[in-house]
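A.B. asks: Attaching a single structure in structure tokens format; questions to follow.
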Amino acid sequence: MSAGLGWGQLPWGVCDFVEKTVGVVGTVQAVAGPHTSSFAAVVGTADGAVFVKAAEEATAPLSARAQTSEIAASAVTGVLSPRLLHHGAVDGWRVLVFEYVEGRAVRLCLDSPDLVQVVGAMDRIGRIRPGRSAGLPTLVGRLREHLPPGRSRPLCGDRLLHTDLTSANMIIRPDGRLSVVDWGQVALGPRWVEVAFVGSHLVDEGHNLGEVRRWMWRFPEWRRTPHTTRRLLAEAMVGHTNGRSTWWLNMIEAPIAG
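Taking the UniProt record's numbering, I'd label the letters of the sequence shown as residues 1 to 258.
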């Protein structure tokens with residue numbers, strides 16, 4: 001994958017597609033972050049700013065596939081996320097043009113006042129049931145090779161999951177609203193799974209497993225999920241990350257009382 005390309009390094013057809021849809025590009029500000037797109041930037045035109053992502057299918061197939069998921073997600077997320085203004089396939093590249101959302105990244109930690117809005121966003125996402133016709137990938141599809149034969153049913157579900165609610169993917173606008181961005185890891189599954197993924201990001205932010213387990217236990221859907229089912233997800237995630245995230249096995253346990 002060619003990462004971090006500048007505007008002048010993109011194929012002419014990609015630049016032409018963007019300018020035909022939003023106008024002549026005057027400024028380009030690269031966006032740093034965990035995204036895997038070959039190009040990601042805030043692009044300024046005479047009519048304002050937009051956010052542009054582009055990925056070359058040959059050299060960044062996973063990113064191109066994620067952009068396909070983002071297109072499908074944009075049809076069901078509503079005001080939760082920035083509007084997808086334009087998208088297209090040009091010269092072997094996938095190009096997405098989004099409404100630009102001004103604001104700051106959420107402070108994702110257990111003592112942050114932002115956490116109230118994060119929980120609210122989790123609830124709103126989990127209430128959405130897009131249906132199979134939405135063309136969204138499933139959690140089981142993502143983890144299938146790491147699930148024991150015949151054991152996938154507990155991870156099946158029809159609820160919308162973001163699965164990547166990191167600090168960088170949640171923006172608080174100047175008016176206080178929270179917008180969720182980067183739906184490349186979207187999936188359909190049971191809503192309790194989102195609790196686990198947010199818990200994993202809290203671990204990434206430096207919280208210890210005991211703190212995270214206590215926080216996760218506050219969610220009724222998490223408490224109601226059988227231990228064997230939570231363990232199934234954890235073992236699949238260890239496999240999915242090639243053994244780099246063995247702490248998942250401890251994170252899904254009930255908190256220690258006291």
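Where is the CB? At the ideal position from N, CA and C, for every residue including glycine.
These figures come from a predicted structure and were not determined experimentally.
Rounding to the nearest angstrom, what Cα-Cα distance links aspartate 111 and alanine 105 in this structure?
C.D. replies: The residue you call residue 111 lines up with position 111 of the sequence shown. The residue you call residue 105 lines up with position 105 of the sequence shown. Going by the C-alpha atoms only, they are around 16 Å apart.
A.B. asks: Taking only the alpha-carbon atoms, compute the straight-line gap between glutamate 102 and proline 174 and give it to the nearest angstrom.
C.D. replies: Within the sequence shown, numbered from 1, the residue matching residue 102 stands at position 102. Within the sequence shown, numbered from 1, the residue matching residue 174 stands at position 174. Using only the alpha carbons, I get a separation of about 7 Å.
A.B. asks: Thinking C-beta only, is arginine 213 closer than 7 Å to proline 255?
C.D. replies: By 1-based counting over the sequence shown, the position of residue 255 is 255. By 1-based counting over the sequence shown, the position of residue 213 is 213. Yes, Cβ-Cβ distance for proline 255 and arginine 213 is below 7 Å.
A.B. asks: Quick one: give me the first and last residue of the alpha helix (DSSP H) that alanine 72 is part of.
C.D. replies: By 1-based counting over the sequence shown, the position of residue 72 is 72. Its alpha helix (DSSP H) spans residues 61-74.
A.B. asks: Taking the alpha carbon of histidine 87 as the point to measure from, which residue in Ile171, Glu57, Val52 has its own alpha carbon closest?
C.D. replies: Here the question's residue 87 lines up with position 87 in the sequence shown. Here the closest residue by C-alpha is Val52.
A.B. asks: Name the DSSP bridge partner or partners of methionine 170?
C.D. replies: As a first step, residue 170 must be located in the sequence shown, where it is residue number 170. DSSP output for methionine 170 lists Val180 as bridge partner(s).
A.B. asks: Does the beta-carbon of glutamine 67 have 16 or more other beta-carbons within 10 angstroms, so that it is buried, or is it exposed?
C.D. replies: Taking the sequence shown and counting its residues from 1, one reaches residue 67 at position 67. Classification of glutamine 67: buried, given that the 10 Å Cβ count is 16 or more.
A.B. asks: For leucine 10, does the three-state DSSP call read helix, strand or coil?
C.D. replies: Indexing the sequence shown from 1 puts residue 10 at position 10. It is coil, neither helix nor strand.
A.B. asks: Hey, out of Arg151, Gly206, Ser63, whose CA is closest to aspartate 182's CA?
C.D. replies: If you number the sequence shown from 1, residue 182 lands on position 182. When only C-alpha atoms are compared, the closest one is Ser63.
A.B. asks: Buried or exposed: where does serine 2 fall if 16 or more other Cβ atoms within 10 Å of its Cβ makes it buried?
C.D. replies: What you label residue 2 is simply residue 2 of the sequence shown in a count that begins at 1. With a pLDDT of 39 at serine 2, under the threshold of 50, the modelled position of that residue is not reliable, and the figure given next carries that caveat. So serine 2 counts as exposed.
A.B. asks: Exposed or buried, threonine 228, counting other C-beta atoms within 10 Å across all chains shown (16 or more means buried)?
C.D. replies: Taking the first residue of the sequence shown as 1, we reach residue 228 at position 228. Exposed.
A.B. asks: Which of helix, strand or coil does DSSP assign to alanine 254?
C.D. replies: For this step, residue 254 is matched to residue 254 along the sequence shown. Looking at alanine 254 - three-state DSSP - the assignment turns out to be coil, as it is neither helix nor strand.
A.B. asks: For aspartate 14, count neighbouring Cβ atoms within 10 angstroms of its own Cβ and tell me buried if that reaches 16, exposed if not.
C.D. replies: Residue numbering aside, residue 14 sits at position 14 when the sequence shown is read from its first letter. Per the sequence presented here, residue 14 reads as valine, with aspartate not at that position. Result: buried.
A.B. asks: Return helix, strand or coil for glutamate 99, following the three-state DSSP convention.
C.D. replies: Along the sequence shown, one-based indexing puts residue 99 at 99. Strand at glutamate 99.
A.B. asks: Whose C-alpha, out of Val28, Pro11, Gly78, Gly26, is nearest the C-alpha of glycine 92?
C.D. replies: The residue given as residue 92 occupies position 92 in the sequence shown. Nearest C-alpha to glycine 92: Pro11.
A.B. asks: Here's the rule: buried if 16 or more other CB atoms are within 10 angstroms of the residue's CB, otherwise exposed. What is glycine 6?
C.D. replies: As a working note, residue 6 is residue 6 in the sequence shown. Flag for glycine 6 reads exposed.
A.B. asks: Reducing DSSP to helix, strand and coil, say where valine 238 ends up.
C.D. replies: Looking up residue 238 in the sequence shown gives position 238. In the structure shown, valine 238 sits in a helix (DSSP, three-state: H, G or I).
A.B. asks: With a threshold of 16 other CB atoms inside 10 Å of the CB of arginine 218, please say whether the residue is buried or exposed.
C.D. replies: Counting from one through the sequence shown, the residue named residue 218 turns up at place 218. With fewer than 16 other Cβ atoms within 10 Å, it is exposed.
A.B. asks: Identify which residue in Gly176, Glu221, Thr246 has its Cα closest to the Cα of leucine 80.
C.D. replies: The residue given as residue 80 occupies position 80 in the sequence shown. When only C-alpha atoms are compared, the closest one is Gly176.
A.B. asks: Please confirm whether proline 130 and leucine 139 have their CB atoms less than 7 Å apart.
C.D. replies: Within the sequence shown, residue 130 is the residue found at index 130, counting from 1. Within the sequence shown, residue 139 is the residue found at index 139, counting from 1. No, these two residues do not count as a Cβ contact at 7 Å.
A.B. asks: Could you check if alanine 54 is buried or exposed, using at least 16 other CB atoms within 10 Å of its CB as the buried criterion?
C.D. replies: Within the sequence shown, numbered from 1, the residue matching residue 54 stands at position 54. Alanine 54 should be labelled buried.
A.B. asks: Relative to the alpha-carbon of alanine 49, which residue among Arg191, Leu161, Asp164, Glu19 has its alpha-carbon at the smallest distance?
C.D. replies: For the purposes of this step, residue 49 is taken as the residue at position 49 of the sequence shown. That would be Glu19, whose Cα lies nearest to the Cα of alanine 49.
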